[in-house]
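J.: I'd like to ask some things about the structure below.
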């Protein structure tokens, strides 16, 4: 297993912190990031520092039992226990990101998991995202609540709190956090704005799972439901006749002209 050296790990944490802040995934001093730099040590973001304005000297190095090896300007966040639990539950994890991206956090507050079979990219690279029950931020309850999911999933929503993602590299953890927020946005638009989504058929889901396995991704879970038959196999729109039902293009133009005249435009 290849580990980043101390310099590389710190620079990557700073880079992802700036990305996290710029994309509005955190406000003020929210969120935390960790990166493994050896079989038994990590670098972590400190408490009370904006992720968009961190410096290398702010970061904290500690072992997987929580013992501080090198402390920067401030101690680690109280939520470091959550990160440590992920590493200790899954030895393949090399990076962890926790943030409060708005759409995903809204699903966490509503207690709605991200598990609809509607978006191939989410199913392949991220998988489903359960919501774990509420525990007070910084408490021992949070690491205990995430522990059962660390080996079989890639990300979680923390009830009334935010999102947590991990990966075999810190960059993969960050990409999964991005994918999680993107997936939440799509579910929000299709479920609450457009009000409709074509659910992938069970055969289509099986095909995507095979793709996921070929990519070497063994985690992520499966959507609880899929459609018996595909509803997305017909083209929609794109007609070449210039007609809309029984109304042709000339009729539409006349209708628009009449509306404009009535409005006095």
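Residue numbers (the numbering used here): 9 to 273. Backbone N, C-alpha and C define an ideal beta-carbon position, used for all residues, glycine too.
1) Extract the residue ranges of the beta strand (DSSP E) inside the segment 43-107, only unbroken runs of 3 or more that lie entirely within it.
2) Would you identify the three-state DSSP class for residue 164, choosing helix, strand or coil?
3) Could you pull the DSSP bridge partners for residue 170 from this structure?
4) So which of 18, 24, 101 has the shortest CA-CA distance to residue 64?
5) Measure from the alpha carbon of residue 101 to the alpha carbon of each residue in 132, 84, 48, then state which is nearest.
6) So what does DSSP say about residue 25, is it helix, strand or coil?
7) For residue 41, write down the residues that DSSP places opposite it in a beta bridge.
8) Beta-carbon within less than 6 Å of residue 88's beta-carbon, same chain only, minus the 5 sequence neighbours each way: which residues are those?
9) Can you tell me whether DSSP reads residue 235 as helix, strand or coil?
10) Between the alpha carbons of residue 117 and residue 169, how many angstroms are there, rounded?
11) Measuring CB to CB, does residue 167 end up less than 7 Å from residue 174?
12) May I ask which residues mark the beginning and end of the alpha helix (DSSP H) holding residue 153?
13) Excluding the 5 residues flanking residue 234 on each side, which residues of the same chain have their C-beta closer than 8 Å to its C-beta?
14) Alpha carbon to alpha carbon, how far is residue 152 from residue 200?
15) Kindly indicate which three-state DSSP category residue 294 falls into: helix, strand or coil?
16) Check whether the Cβ atoms of residue 20 and residue 178 lie closer than 7 Å to each other.
17) Mind checking whether residue 86 and residue 146 have CB atoms under 7 Å apart?
18) Flag this pair as yes or no: are the beta carbons of residue 111 and residue 193 separated by less than 7 Å?
19) What are the boundary residues of the alpha helix (DSSP H) that residue 134 is part of?
20) Taking 7 Å as the limit between beta carbons, can you name the residues of its chain near residue 58, skipping five residues before and five after?
21) Can you tell me whether residue 9 is buried or exposed, with buried defined as 16 or more other CB within 10 angstroms of its CB?
22) In this structure, how does DSSP classify residue 292 when only helix, strand and coil are distinguished?
23) With residue 143 as the anchor, note down where its alpha helix (DSSP H) starts and where it stops.
T.: Considering the structure as presented:
1) 49-52, 68-71, 76-78, 103-107
2) On the chain shown, residue 164 is found 156 positions in, with the first residue counted as 1. Three-state DSSP puts residue 164 in a strand.
3) Taking the first residue of the chain shown as position 1, residue 170 is located at position 162. DSSP, once it has assigned bridges, lists 166 as partnering residue 170.
4) Position 56 of the chain shown, counting from 1, holds the residue named residue 64. When only C-alpha atoms are compared, the closest one is 18.
5) Stepping through the chain shown from its first residue, residue 101 is reached at position 93. Answer by Cα proximity: 48.
6) The residue labelled residue 25 in the question sits at position 17 within the chain shown. DSSP, reduced to helix, strand and coil, places residue 25 within a helical segment of the structure shown.
7) The residue you call residue 41 lines up with position 33 of the chain shown. Residue 41 is bridged to 105.
8) In the chain shown, the residue the question calls residue 88 occupies position 80. Excluding sequence neighbours, residue 88 sits near 52.
9) Residue numbering aside, residue 235 sits at position 227 when the chain shown is read from its first letter. Of the three classes helix, strand and coil, the one that applies to residue 235 here is strand, per DSSP.
10) By 1-based counting over the chain shown, the position of residue 117 is 109. By 1-based counting over the chain shown, the position of residue 169 is 161. Going from the Cα of residue 117 to the Cα of residue 169 covers about 7 Å.
11) Looking up residue 167 in the chain shown gives position 159. Looking up residue 174 in the chain shown gives position 166. No, the Cβ-Cβ distance between residue 167 and residue 174 is not below 7 Å.
12) Counting from one through the chain shown, the residue named residue 153 turns up at place 145. 149-154 is the span of the alpha helix (DSSP H), which, as asked, contains residue 153.
13) The residue given as residue 234 occupies position 226 in the chain shown. Within the same chain, residue 234 has close Cβ partners 125, 207, 208, 209, 210, 212, 213.
14) Taking the chain shown and counting its residues from 1, the one referred to as residue 152 is at position 144. Taking the chain shown and counting its residues from 1, the one referred to as residue 200 is at position 192. Cα to Cα, residue 152 sits roughly 33 Å from residue 200.
15) Residue 294 is absent from the structure shown; the chain starts at 9 and stops at 273.
16) Here residue 20 refers to the residue found at position 12 of the chain shown. Here residue 178 refers to the residue found at position 170 of the chain shown. Going by C-beta atoms, residue 20 is nearer than 7 Å to residue 178.
17) Here residue 86 is taken as the residue at index 78 of the chain shown, counted from 1. Here residue 146 is taken as the residue at index 138 of the chain shown, counted from 1. Result yes, Cβ atoms of residue 86 and residue 146 sit closer than 7 Å.
18) Within the chain shown, the letter at position 103 stands for residue 111. Within the chain shown, the letter at position 185 stands for residue 193. For residue 111 and residue 193, yes; Cβs fall inside 7 Å.
19) Locating residue 134 in the chain shown gives position 126, counting from the first residue. Note, residue 134: premise wrong, no alpha helix (DSSP H); not H, not E.
20) Here residue 58 is taken as the residue at index 50 of the chain shown, counted from 1. Closer than 7 Å at Cβ, skipping near neighbours: 29, 36, 37.
21) To locate residue 9, count along the chain shown from 1; it is residue 1. Its Cβ having fewer than 16 others within 10 Å, residue 9 is exposed.
22) Outside the shown range of the chain (9 to 273) lies residue 292, about which nothing can therefore be said.
23) For this step, residue 143 is matched to residue 135 along the chain shown. Counting along the chain, residue 143 falls outside any alpha helix (DSSP H), and DSSP gives it neither H nor E.
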